[in-house]
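What follows is a set of notes on a single structure, which appears directly below.
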Ligand code: ADP
Ligand code: MG
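Numbering (this note's numbering), first residue to last: 216 to 470.
Put into structure tokens, the structure is as follows:
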């Protein structure tokens, strides 16, 4: 069904030991939605993103990928995904881009981009390579296919990481502070790529401290505070007419 969300989170609770980090979070991303997650450091943004593609366990609540609920075994604090095949399917369909790029330093850019399609999805190299090269062109580093990550700028490395995520042909992209490690002038190279992806109608969840990016690309913005959604809505409303005192205060510090 076309109105089944790509990813849906219902009443998610997550703790690290005694530390409750997510206290009942709901989120739903339809195809083409660009959802930005904003909030102070430590509010639970990365944890929420990592829960979406099952890099973190959680204690309570539902996670659904294209309408398919994650199946758990065990209960309460001890639950874990029950089906490794399902975990792999979800993870490969929700590709993550990290703040620190996380490229393989011993592989060329092209090899980095081809690695998961070839080794995880078991696709043919001959089929993956032209796609990988086309994606590198698209993110503006077609000439860097044969260099190693250390020979590139941070902005180029992050674009290589985005290319790597795209080459999996995922249903959604998850970005965790994709521009935070970059100098301002390099940040813009990455912002341009993210904006182009938004215009193509890609489904994306973006954790960001960059309010301009959130305002420019998002269809929906979620403000997390202390593990709860304090306020959410379309960017014009959330940034133009914030309601909660906490959001007002947060925005006044982040411009
Ligand atoms: P944000 O991304 O909004 O800065 P995080 O989701 O990274 O917040 O962290 C939320 C809270 O969970 C913080 O208090 C952080 O210290 C804690 N936390 C994050 N990861 C772990 C972990 N692996 N083990 C224990 N505590 C963690
Ligand atoms: Mg974080």
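Virtual Cβ for every residue (Gly too), placed ideally from N, Cα, C.
Keep in mind the model is a prediction, meaning the values are calculated, not measured.
Counting along the chain, the unbroken beta strand (DSSP E) around residue 391 starts and ends at 387-391. Residue 432 is positioned such that its CB atom lies closer than 8 Å to that of residue 249. Among the bridge pairs identified by DSSP, residue 360 is matched with none. In terms of side-chain proximity, the C-beta atom of residue 391 is found nearer than 7 Å to a non-hydrogen atom of ligand 2.
Those residues that have a beta carbon less than 5 Å away from any non-hydrogen atom of ligand 1 are, in order along the chain, 231, 236, 256, 257, 258, 259, 260, 261, 262. Per DSSP, reduced to three states, the secondary structure at residue 369 is helical. The beta carbon of residue 240 sits no closer than 7 Å to any heavy atom of ligand 2. Between residue 361 and residue 412, the gap from beta carbon to beta carbon reaches 8 Å or more.
Only residues of its own chain outside the window of five on either side were considered, and among them 320 have a CB closer than 8 Å to the CB of residue 365, listed in chain order. In the three-state reduction of the DSSP assignment, residue 448 falls in the strand class. The bridge partners DSSP lists for residue 465 come to none. The distance from the Cβ of residue 314 to that of residue 396 is about 5 Å, consistent with a contact at the 8 Å cut-off.
With respect to residue 383, residue 347 sits apart: the two C-beta atoms are not nearer than 8 Å.
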